[in-house]
Amino acid sequence: MRSAFYRLGPRTRRVVRRVVVLPLDLWTLLRHGGRPSYAGIPLPLPGEVFTGGGDFLANGLLFKAHFTGLGGLRPDERVLDIGSGLGRMAIPLTDYLTRPDAYEGFDVVREAVDLCTRRITSRYPGFRFTWVPLHNDLYTASGSRAAEFTFPYPDADFDFAWATSVFTHMDRDEVARYLAETRRVMRPGGRFLATFFLMDSEAER
15 MRSAFYRLGP RTRRVVRRVV VLPLDLWTLL RHGGRPSYAG IPLPLPGEVF
65 TGGGDFLANG LLFKAHFTGL GGLRPDERVL DIGSGLGRMA IPLTDYLTRP
115 DAYEGFDVVR EAVDLCTRRI TSRYPGFRFT WVPLHNDLYT ASGSRAAEFT
165 FPYPDADFDF AWATSVFTHM DRDEVARYLA ETRRVMRPGG RFLATFFLMD
215 SEAER
C-alpha cells in the first residue's frame, strides 16, 4: 500500500492524504472549537501536513527548545530555515525572535510557501518565505537540480540555520551542495543544526 501511494505524483498524494485524513481533521476542529492556532497564527490541520509526522505544534516547540538549548539561538539573531514546509519551525519562533528581519525560509512546494506567507508573514513581517523551483522526487515533479542550486541569500547573512530531515530526501551530491551553500551564507561563528536518517550497514540490518 505504501509503495503504491508513493508511485502517485506529489500533488495527487497530497489530495489523497487530505481525503484519507479528513475524519481526523474534523475531529481536530470539533475538539478545539475551530482551527487551532499559536501566537495568532492558524495551524495546519493534520490532512494539510504533507511532510513529517506527529503533533505539528508539539514538534515545532521541541525543536525551538533544541535551537535555544543545543544551538544557543538568541532572540536577536537572524535565522535560515532550509525546507520551511508549512512553518512547523517558524511558527513557534514568532514569539521569540525579535529582529525586524529575523527569519528567512525556503521550500520547493509553492503551495506551502504561499500558505506561510498568508498566515505568518501577514502577521509577522520579519518572517519571509521563498519558493525555489527545484525537482524533488517526494514533493515536486519538475524543476531545477538541487545539486546546482544557489541559496537566494548573500554571503555571511545568517547567525543560525537548520535543515530538519531535508537531507533524508536528497542524493549525496545534493547534500554536498546544500552544505556548501549553508556554509557560504553563515556568518563567522554561526551554527547549523540538521537532522536526517543515516542508512548504514547497522540500519540495514
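Yeah, the sequence shown ends on 219 if you go by the working numbering, and it's all consecutive.
All residues carry an ideal CB built from backbone N, CA and C; glycine is no exception.
On the three-state DSSP scale, how would you describe residue i?
| i | result |
| --- | --- |
| serine 51 | strand |
| glycine 119 | strand |
| aspartate 171 | coil |
| glycine 204 | strand |
| leucine 212 | coil |
| proline 56 | strand |
| leucine 84 | coil |
| valine 199 | helix |
| phenylalanine 77 | helix |
| glycine 61 | helix |
| proline 192 | The question names proline, but residue 192 in the sequence shown is tyrosine. DSSP places tyrosine 192 in helix when its eight states are reduced to three. |
| threonine 135 | helix |
| aspartate 8 | Coverage of the chain is limited to positions 15 through 219, which leaves residue 8 absent and any answer about it impossible. |
| leucine 111 | coil |
| arginine 45 | helix |
| threonine 182 | helix |
| methionine 15 | Model confidence at methionine 15 stands at a pLDDT of 48, short of 50, so the residue's coordinates are unreliable; what they give is reported in the following sentence. If DSSP states are grouped into helix, strand and coil, methionine 15 belongs with coil. |
| proline 89 | coil |
| proline 166 | coil |
| leucine 100 | coil |
| aspartate 128 | helix |
When burial is assigned at 16 or more other CB atoms within 10 Å of the CB, is residue i buried or exposed?
| i | result |
| --- | --- |
| aspartate 176 | Strictly speaking, residue 176 in this sequence is tryptophan, with aspartate absent from that position. Tryptophan 176 comes out buried. |
| valine 51 | Just to set this straight, residue 51 is serine in the shown sequence, not valine. So serine 51 ends up on the exposed side. |
| glycine 49 | Reading the sequence as shown, one finds arginine at residue 49 and not glycine. Exposed, since its Cβ has fewer than 16 Cβ neighbours within 10 Å. |
| glutamate 91 | buried |
| proline 106 | buried |
| threonine 209 | exposed |
| alanine 126 | buried |
| leucine 100 | buried |
| alanine 104 | buried |
| arginine 102 | buried |
| leucine 111 | buried |
Just list the residues that DSSP pairs residue i with in beta bridges.
| i | result |
| --- | --- |
| leucine 40 | DSSP, once it has assigned bridges, lists no residue as partnering leucine 40. |
| phenylalanine 143 | Gly119 |
| aspartate 95 | Gly119, Trp176 |
| serine 158 | Leu148 |
CB residue i to CB residue j, shorter than 8 Å?
| i | j | result |
| --- | --- | --- |
| valine 180 | isoleucine 96 | yes |
| phenylalanine 81 | phenylalanine 174 | yes |
| arginine 191 | alanine 170 | no |
| threonine 108 | alanine 53 | yes |
| leucine 57 | leucine 71 | yes |
| arginine 113 | glycine 140 | yes |
Assuming residue i contacts residue j under a Cβ cut-off of 8 Å, what Cβ separation, rounded to an integer in Å, is found between them?
| i | j | result |
| --- | --- | --- |
| phenylalanine 120 | serine 98 | 6 Å |
| tyrosine 167 | arginine 142 | Rounded, the Cβ-Cβ distance is 11 Å, inconsistent with contact. |
| glycine 61 | leucine 38 | 7 Å |
| phenylalanine 211 | threonine 178 | Contact flag wrong, Cβ pair sits at about 12 Å. |
| phenylalanine 172 | valine 122 | The pair is not a contact, with the Cβ atoms about 20 Å apart (cut-off 8 Å). |
Return yes when at least one heavy atom of the ligand SAH lies under 7 Å from the C-beta of residue i, else no.
| i | result |
| --- | --- |
| alanine 126 | The ligand SAH is not part of the structure shown, which contains no ligands of any sort. |
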